[in-house]
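J.: Protein chains in written order, with UniProt numbering: chain A, 1 to 342; chain B, 1 to 342. Below are the structure tokens for one structure; questions will follow.
Number of protein chains: 2
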Amino acid sequence: MKAKATSFDIAHMAGVSQSTVSRALRDSPLVNQETRDKIKAIARELNYKVDKNASNLRQQQSRTLALLLFEDPTTDDSLINPFFLSMLGSITRASAQAGYDLLVSFQNFSDDWHADYEDTNKADGIILLGYGDYMDYRDKLTKLEEQETHFVRWGAFDKEHPGISLGCDNFQGGYDVTDHLLGLGHRSFAFIGGADSRAPEFFARYKGHVSALQNAGITPQKDLQRDAISTEESGYAAVNALLREGHRPDAMVCASDLIAIGAMQAINEAGLTVPDDIAVTGYDDIPVARFTHPALTTVKQNTTLAGEALVENLLRLVNGDQADAQLMPVELVIRRSCGAPE
Amino acid sequence: MKAKATSFDIAHMAGVSQSTVSRALRDSPLVNQETRDKIKAIARELNYKVDKNASNLRQQQSRTLALLLFEDPTTDDSLINPFFLSMLGSITRASAQAGYDLLVSFQNFSDDWHADYEDTNKADGIILLGYGDYMDYRDKLTKLEEQETHFVRWGAFDKEHPGISLGCDNFQGGYDVTDHLLGLGHRSFAFIGGADSRAPEFFARYKGHVSALQNAGITPQKDLQRDAISTEESGYAAVNALLREGHRPDAMVCASDLIAIGAMQAINEAGLTVPDDIAVTGYDDIPVARFTHPALTTVKQNTTLAGEALVENLLRLVNGDQADAQLMPVELVIRRSCGAPE
DNA sequence: CTGAAAGCGCTTACAG
DNA sequence: CTGAAAGCGCTTACAG
Numbered sequence: 001m002k003a004k005a006t007s008f009d010i011a012h013m014a015g016v017s018q019s020t021v022s023r024a025l026r027d028s029p030l031v032n033q034e035t036r037d038k039i040k041a042i043a044r045e046l047n048y049k050v051d052k053n054a055s056n057l058r059q060q061q062s063r064t065l066a067l068l069l070f071e072d073p074t075t076d077d078s079l080i081n082p083f084f085l086s087m088l089g090s091i092t093r094a095s096a097q098a099g100y101d102l103l104v105s106f107q108n109f110s111d112d113w114h115a116d117y118e119d120t121n122k123a124d125g126i127i128l129l130g131y132g133d134y135m136d137y138r139d140k141l142t143k144l145e146e147q148e149t150h151f152v153r154w155g156a157f158d159k160e161h162p163g164i165s166l167g168c169d170n171f172q173g174g175y176d177v178t179d180h181l182l183g184l185g186h187r188s189f190a191f192i193g194g195a196d197s198r199a200p201e202f203f204a205r206y207k208g209h210v211s212a213l214q215n216a217g218i219t220p221q222k223d224l225q226r227d228a229i230s231t232e233e234s235g236y237a238a239v240n241a242l243l244r245e246g247h248r249p250d251a252m253v254c255a256s257d258l259i260a261i262g263a264m265q266a267i268n269e270a271g272l273t274v275p276d277d278i279a280v281t282g283y284d285d286i287p288v289a290r291f292t293h294p295a296l297t298t299v300k301q302n303t304t305l306a307g308e309a310l311v312e313n314l315l316r317l318v319n320g321d322q323a324d325a326q327l328m329p330v331e332l333v334i335r336r337s338c339g340a341p342e
Numbered sequence: 001m002k003a004k005a006t007s008f009d010i011a012h013m014a015g016v017s018q019s020t021v022s023r024a025l026r027d028s029p030l031v032n033q034e035t036r037d038k039i040k041a042i043a044r045e046l047n048y049k050v051d052k053n054a055s056n057l058r059q060q061q062s063r064t065l066a067l068l069l070f071e072d073p074t075t076d077d078s079l080i081n082p083f084f085l086s087m088l089g090s091i092t093r094a095s096a097q098a099g100y101d102l103l104v105s106f107q108n109f110s111d112d113w114h115a116d117y118e119d120t121n122k123a124d125g126i127i128l129l130g131y132g133d134y135m136d137y138r139d140k141l142t143k144l145e146e147q148e149t150h151f152v153r154w155g156a157f158d159k160e161h162p163g164i165s166l167g168c169d170n171f172q173g174g175y176d177v178t179d180h181l182l183g184l185g186h187r188s189f190a191f192i193g194g195a196d197s198r199a200p201e202f203f204a205r206y207k208g209h210v211s212a213l214q215n216a217g218i219t220p221q222k223d224l225q226r227d228a229i230s231t232e233e234s235g236y237a238a239v240n241a242l243l244r245e246g247h248r249p250d251a252m253v254c255a256s257d258l259i260a261i262g263a264m265q266a267i268n269e270a271g272l273t274v275p276d277d278i279a280v281t282g283y284d285d286i287p288v289a290r291f292t293h294p295a296l297t298t299v300k301q302n303t304t305l306a307g308e309a310l311v312e313n314l315l316r317l318v319n320g321d322q323a324d325a326q327l328m329p330v331e332l333v334i335r336r337s338c339g340a341p342e
């Protein structure tokens with residue numbers, strides 16, 4: 001097992017100083033073209049790579065971002081919301097394009113997440129992601145802010161929240177999907193998903209939903225709003241209970257696609273048909289939404305743009321610039337579960 | 001913006017040397033209990049955290065693992081297979097429990113992945129994951145091996161492959177699910193999924209499938225095997241073509257759940273019913289498999305155990321110990337899409 | 001354009 | 001049990 005080459009080895013072989021090697025490898029214009037080429041050739045041959053620990057230590061930065069996913073704890077770690085996994089994909093890509101590595105962690109696996117990344121110089125900044133219980137981690141956000149950690153979070157757009165939030169326009173999404181259902185003639189509605197400040201995103205969707213109903217002169221039925229976290233199980237349980245109590249709304253607006261998938265199963269098991277007996281809509285447009293039966297009408301959040309915006313704003317913070325909360329547009333995706341004609 | 005505290009600051013405040021601070025913080029038994037407590041209290045108060053770059057540089061290790069996901073490139077980065085995302089979850093957890101951080105990257109975003117992690121001391125070892133085209137990266141594996149990089153890969157169990165592979169018993173899974181369908185009376189079969197060495201896992205499942213048929217005295221119909229990569233789209237397209245050609249097998253064994261979901265949609269659109277007209281089975285048991293309509297019969301790969309095994313074996317390699325390829329058991333999960341009685 | 005030297009913040013062998 | 005010192009492998013101000 002040969003020892004790893006260092007910049008001194010290269011310097012020795014090239015007959016120059018180690019400083020020159022370092023400069024050449026970083027494409028410093030100070031180095032003679034010829035010298036630079038020679039050094040690079042030797043580096044390639046030796047399979048030399050700059051030691052990141054040394055380089056980062058010297059430069060006092062890590063060129064790494066940390067992504068922390070906090071989700072409602074579930075029994076099974078496989079139940080990570082596909083929406084956030086899409087985000088993970090786009091964030092990974094956006095970081096890579098900016099020349100940053102991405103460290104990933106799940107909140108439920110590490111209680112000390114709020115202090116562990118930037119303070120140890122493992123990451124230059126932190127991205128927070130999740131549909132978790134907002135109240136549970138509000139204190140931690142405040143602490144992050146006190147410590148002057150660089151972070152951005154995906155979530156509800158709200159000036160009161162600590163730190164900088166990026167998110168889609170949840171109110172508008174809830175409004176649009178409800179408005180569409182109204183246009184199809186539906187008149188009585190259930191809303192499946194937590195509608196309080198513990199889940200600010202769901203709450204905003206709910207408010208949009210209610211607003212659309214009121215604009216149409218319909219009074220929201222409070223007993224048809226049922227809490228659910230973003231899992232199939234939770235949606236299934238909530239709708240199952242609703243149906244067993246004898247409720248038969250025309251349509252169910254679900255706060256996420258996973259909830260909607262669980263809802264459709266409960267409706268099917270009750271011997272009812274989607275959308276003929278009850279229309280169902282979701283939220284997020286996860287990949288499987290196109291392939292449910294019937295295909296799910298939903299509100300698309302553009303994860304590619306979202307990931308880019310998160311990384312871009314975080315890097316702005318890291319570089320000492322100003323970053324602002326940002327509200328991104330949503331897009332209604334009409335498929336069959338809402339009862340729209342083919 | 002206060003400068004970050006260093007071990008010298010702590011030493012100064014505690015009235016001891018910096019060496020002693022370092023020892024105390026690492027719980028060295030050499031340090032007096034009282035001194036240690038005092039130092040730790042000060043560290044907590046200053047919100048001091050050991051600088052990882054410095055510590056790693058000195059110790060010549062990173063306490064970080066890298067996870068590389070290589071997937072068949074798709075137009076949309078949201079289409080990461082949920083199965084691998086479950087793996088990501090369990091690998092993250094297993095690394096955290098072992099005291100390692102996890103760096104995540106997607107192959108399609110970085111062509112140089114094969115050399116970039118361990119050589120730069122950013123990671124002590126690498127985990128490779130994906131249903132990608134095996135031939136595409138075989139050379140890279142060989143290169144990794146030459147460079148004496150520590151790595152393990154999830155995939156087909158095969159002595160010929162470079163490096164150490166961990167994987168589930170794909171042959172047995174293909175066998176079991178086919179055997180189950182035979183027991184339900186199905187006699188003519190399609191197999192949807194690549195059946196050649198570019199996709200060794202799918203190929204092994206196919207071989208198990210064929211073996212079960214032969215044991216039952218049934219000759220596999222080669223024209224009913226259709227290639228597909230692990231996406232809903234690909235499964236949909238393959239089955240669509242099959243049905244348009246007029247084929248009506250009793251059952252379709254799909255090489256992954258995503259393929260099966262696409263297959264069921266194609267079957268539905270052709271005016272046929274699952275499982276009455278055509279039974280369908282998947283592979284992986286992704287979370288949504290329980291919530292398709294009908295619920296999907298599939299072969300479960302235990303991602304929790306898999307993630308733990310990957311991390312455990314990789315760390316063994318990192319520590320200079322022996323690690324062995326490993327074949328893990330699978331479990332048949334019977335739901336409704338196979339036509340089993342309730 | 002190039003080199004000698006300092007220093008990033010730790011860990012640990014060495015000496016006491 | 002504690003301290004002074006070397007050194008991990010780089011980057012970069014300084015001098016030429």
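Glycine residues also receive a C-beta, built at the ideal position from the N, C-alpha and C atoms.
(1) Please list the terminal residues of the continuous beta strand (DSSP E) segment that includes residue 331/A.
(2) According to DSSP, residue 219/B sits in a beta bridge with which residue or residues?
(3) By alpha-carbon positions, which one of 214/A, 137/A, 66/A, 338/A ends up nearest to residue 290/A?
(4) Check whether the region 144-159 of chain A touches the region 123-130 of chain A, taking contact to mean three or more Cβ pairs, one atom from each stretch, closer than 8 Å.
(5) What does the alpha-carbon distance come out to for the pair residue 114/A and residue 176/B?
(6) Please state whether DSSP places residue 267/B in a helix, a strand or coil.
(7) Relative to chain B, which residues along the UniProt domain "HTH lacI-type" (5-59) of chain A have a C-beta separation below 7 Å, given in chain order?
(8) Find the residues of chain A that neighbour residue 331/B, judging by a C-beta separation of less than 8 Å, and give them in chain order.
(9) Starting from the N-terminal side, write out each stretch of the alpha helix (DSSP H) that is 4 residues or longer and does not extend beyond the UniProt domain "HTH lacI-type" (5-59) of chain B.
(10) In this structure, does DSSP put residue 258/A in helix, strand or coil?
(11) Would you mind reading off the limits of the alpha helix (DSSP H) that contains residue 84/A?
(12) Against chain B, with Cβ distances strictly below 8 Å, would residue 319/A count as a contact?
(13) Within the same chain, show all residues whose beta-carbon is closer than 6 Å to that of residue 8/B, passing over the 5 residues directly before and after it, in chain order.
(14) Report the neighbours of residue 300/B on chain A: residues whose CB is nearer than 8 Å to its CB, in chain order.
(15) Taking 8 Å as the threshold (beta carbon to beta carbon), is residue 122/B in contact with chain A?
(16) Counting C-beta neighbours from all protein chains within 10 Å, is the total for residue 319/A 16 or more, i.e. buried, or is it exposed?
(17) Could you have a look at residue 139/A and say whether DSSP puts it in helix, strand or coil?
(18) With 7 Å as the limit, tell me which residues of the region 201-220 of chain B have their beta carbon closer than that to any beta carbon of chain A; keep them in chain order.
(19) Is it buried or exposed for residue 222/B, if we count other Cβ within 10 angstroms and need 16 for buried?
(20) Which of the three DSSP states, helix, strand or coil, is assigned to residue 274/B?
(21) For residue 167/B versus residue 328/B, is the C-beta distance shorter than 8 Å?
(22) For residue 157/A, name the three-state secondary structure that DSSP assigns.
(23) Where does residue 184/A sit, in a helix, a strand or coil, going by DSSP?
(24) Threshold first: 3 residues or longer. Then list the beta strand (DSSP E) segments lying entirely within the region 271-332 of chain B, N to C.
(25) How is the alpha helix (DSSP H) around residue 242/A delimited, first residue to last?
(26) Could you check if residue 341/B is buried or exposed, using at least 16 other CB atoms within 10 Å of its CB as the buried criterion?
(27) Is there a Cβ of chain B sitting closer than 8 Å to that of residue 268/A, yes or no?
(28) I need the straight-line Cα distance from residue 78/A to residue 88/B, nearest angstrom please.
(29) Can you pull the DSSP bridge partners for residue 165/B?
(30) According to a CB-to-CB cut-off of less than 7 Å, which residues of the region 236-256 of chain A neighbour chain B?
(31) Which chain B residues sit within Cβ distance under 7 Å of residue 162/A?
(32) Contact criterion: CB-CB distance below 8 Å. Does residue 119/B meet it with respect to chain A?
(33) Buried or exposed: which applies to residue 233/B, given that a residue is buried once 16 or more other Cβ atoms fall within 10 Å of its Cβ?
(34) Assuming residue 43/B and residue 25/B are in contact, meaning their beta carbons sit under 8 Å apart, how far apart are those beta carbons, in whole angstroms?
(35) Who are residue 104/A's beta bridge partners in DSSP?
(36) Can you tell which of 217/B, 41/B, 336/B, 191/B has its C-alpha closest to the C-alpha of residue 350/B?
T.: On the basis of the coordinates in this document:
(1) Here residue 331/A is taken as the residue at index 331 of the first sequence, counted from 1. First-last of the beta strand (DSSP E) with residue 331/A: 331-333.
(2) By one-based count along the second sequence, residue 219/B stands at place 219. DSSP, once it has assigned bridges, lists no residue as partnering residue 219/B.
(3) Against the first sequence, residue 290/A aligns to sequence position 290. Nearest C-alpha to residue 290/A: 338/A.
(4) yes
(5) Start at 1 with the first residue of the first sequence, and residue 114/A comes out as number 114. Start at 1 with the first residue of the second sequence, and residue 176/B comes out as number 176. Legend: pLDDT at residue 114/A = 48, less than 50; position of this residue unreliable, value from coordinates given subsequently. Looking at the two C-alpha atoms, the distance is approximately 46 Å.
(6) Reading the second sequence from its first residue, position 267 is the one you call residue 267/B. Three-state result, residue 267/B: helix.
(7) So the close ones are 47, 49, 50, 51, 52, 53, 54, 56, 57.
(8) Numbered from its first residue, the second sequence carries residue 331/B at position 331. None at all; the shortest Cβ gap to chain A is about 14 Å.
(9) 7-14, 18-25, 33-46, 52-59
(10) Along the first sequence, read from residue 1 onward, the residue named residue 258/A stands at position 258. Residue 258/A: helix per DSSP, three-state reduction.
(11) On the first sequence, position 84 is the one that residue 84/A refers to. 82-97 is the span of the alpha helix (DSSP H), which, as asked, contains residue 84/A.
(12) Your numbering for residue 319/A matches position 319 in the first sequence. Judged by the 8 Å Cβ criterion, residue 319/A is not in contact with chain B.
(13) Translated into positions along the second sequence, residue 8/B becomes position 8. Correct list, in chain order: 18.
(14) Here residue 300/B refers to the residue found at position 300 when the second sequence is read from its first residue. Simply none; closest approach about 10 Å.
(15) Looking up residue 122/B in the second sequence gives position 122. Output row for residue 122/B: interface = yes.
(16) Mapped onto the first sequence, residue 319/A falls at position 319. Result: exposed.
(17) The residue given as residue 139/A occupies position 139 in the first sequence. Residue 139/A: helix per DSSP, three-state reduction.
(18) none
(19) On the second sequence, position 222 is the one that residue 222/B refers to. Residue 222/B should be labelled exposed.
(20) Taking the second sequence and counting its residues from 1, one reaches residue 274/B at position 274. Residue state, collapsed to three classes: coil.
(21) Stepping through the second sequence from its first residue, residue 167/B is reached at position 167. Stepping through the second sequence from its first residue, residue 328/B is reached at position 328. It is a contact, given that the beta carbons lie within the stated cut-off.
(22) Mapped onto the first sequence, residue 157/A falls at position 157. Residue 157/A falls in the coil class under three-state DSSP.
(23) For the purposes of this step, residue 184/A is identified with residue 184 of the first sequence, where counting begins at 1. Reduced to three states, the DSSP call for residue 184/A is coil.
(24) If one requires a minimum length of 3 residues, the beta strand (DSSP E) runs lying completely within the region 271-332 of chain B are 279-281, 298-300, 326-328, in chain order.
(25) As a first step, residue 242/A must be located in the first sequence, where it is residue number 242. Run containing residue 242/A: 232-244, per the alpha helix (DSSP H) assignment.
(26) Position 341 of the second sequence, counted from the first residue, corresponds to residue 341/B. That one is exposed.
(27) Mapped onto the first sequence, residue 268/A falls at position 268. By this cut-off, residue 268/A is an interface position.
(28) For the purposes of this step, residue 78/A is taken as the residue at position 78 of the first sequence. For the purposes of this step, residue 88/B is taken as the residue at position 88 of the second sequence. With a pLDDT of only 48 at residue 78/A, under the threshold of 50, the placement of this residue in the model should not be trusted, and no figure is reported.
(29) By one-based count along the second sequence, residue 165/B stands at place 165. In DSSP, residue 165/B forms a bridge with 153/B.
(30) none
(31) For this step, residue 162/A is matched to residue 162 along the first sequence. Per Cβ cutoff of 7 Å: no residues; residue 162/A is ~17 Å from chain B at best.
(32) As a working note, residue 119/B is residue 119 in the second sequence. By this cut-off, residue 119/B is an interface position.
(33) Locating residue 233/B in the second sequence gives position 233, counting from the first residue. Under this definition residue 233/B is a buried residue.
(34) Residue 43/B sits at position 43 when you count from the first residue of the second sequence. Residue 25/B sits at position 25 when you count from the first residue of the second sequence. Right, their Cβ atoms sit about 6 Å apart.
(35) Residue numbering aside, residue 104/A sits at position 104 when the first sequence is read from its first letter. Assignment of beta-bridge partners to residue 104/A by DSSP yields 67/A.
(36) No answer is possible for residue 350/B: it lies beyond the span of chain B, which begins at 1 and ends at 342.
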